[in-house]
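Numbering follows our numbering, in which position 80 of the sequence shown is assigned residue number 99; successive positions increment by one, without gaps.
Presented below is the structure to which this report refers.
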Amino acid sequence: MDDIKKYEIEKYKKDFSEGGLMNKLAKYAKTAGRELVENVLVLWYAFPEASAADKAIIMGAIGYFISPLDVIPDLIPGLGYTDDFGVVAWAVARIRLNASDSAIEKAKRKADEFFS
Numbered sequence: 020m021d022d023i024k025k026y027e028i029e030k031y032k033k034d035f036s037e038g039g040l041m042n043k044l045a046k047y048a049k050t051a052g053r054e055l056v057e058n059v060l061v062l063w064y065a066f067p068e069a070s071a072a073d074k075a076i077i078m079g080a081i082g083y084f085i086s087p088l089d090v091i092p093d094l095i096p097g098l099g100y101t102d103d104f105g106v107v108a109w110a111v112a113r114i115r116l117n118a119s120d121s122a123i124e125k126a127k128r129k130a131d132e133f134f135s
């Protein structure tokens, strides 16, 4: 079991980077929708200054978003990002009070780039 976990972590580690995340957002932003994209970005920009507990929540939510292994596959039209939305919305609700105004503003500006 530990070997499987290590394999999965290594397999998606490159995606858990700013470049990997921004590539996924650029590719799927219009399909995922602005609210999901902006919430993912709030998590991303809040991460550096987050507490250890909030970092764990953020890593789990972003990891779920970037992973192609979902409860509802992302490619199903109309439903694909429903589960991602729920996970990310829960994470944002948990950490939003601790996120700085600058992280939230940075997320909004970056989301604007994907939807302009």
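Built from N, CA and C at the ideal position, the CB exists for glycine as well.
Going by the CB atoms, is the gap between residue j and residue i shorter than 8 angstroms?
i, j, result
"Ser135", "Ala65", "no"
"Asn117", "Ser86", "no"
Rounded to a whole number of angstroms, what is the C-alpha to C-alpha distance between residue i and residue j?
i, j, result
"Asn42", "Lys129", "13 angstroms"
"Gly38", "Val107", "19 angstroms"
"Thr45", "Glu132", "First, the amino acid is wrong: residue 45 is Ala here, not Thr. Going from the Cα of Ala45 to the Cα of Glu132 covers about 9 angstroms."
"Ile23", "Ala75", "Unreliable positioning characterises Ile23 in this predicted model, as indicated by a pLDDT of 48, which lies under 50. The coordinate reading is nonetheless provided below. Taking the straight line from one Cα to the other gives about 20 angstroms."
Closest by CA to residue i, which one among the options?
i, options, result
"Arg115", "Ser36, Ile85, Glu68", "Glu68"
"Phe104", "Ser36, Thr50, Ala72", "Thr50"
"Leu40", "Lys127, Asp73, Ala75, Tyr83", "Tyr83"
"Ile77", "Ala48, Ser36, Gly52", "Ser36"
Leaving out five residues on either side along the sequence, give the residues of the same chain with a beta carbon under 6 angstroms from the beta carbon of residue i.
i, result
"Met20", "With a pLDDT of only 43 at Met20, under the threshold of 50, the placement of this residue in the model should not be trusted; the figure read from the coordinates follows. Cβ neighbours of Met20 beyond the five flanking positions: none."
"Asn58", "Val107, Val111"
"Lys125", "Tyr64"
Kindly list the residues whose CB is nearer than 7 angstroms to the CB of residue i, restricted to its own chain and excluding five residues on each side of it in sequence; keep chain order.
i, result
"Ala80", "Leu62, Val106, Val107, Ala110"
"Ile123", "Val61"
"Leu55", "Tyr100, Asp103, Phe104, Val107"
"Lys127", "Glu57"
"Arg53", "Ala130, Phe134"
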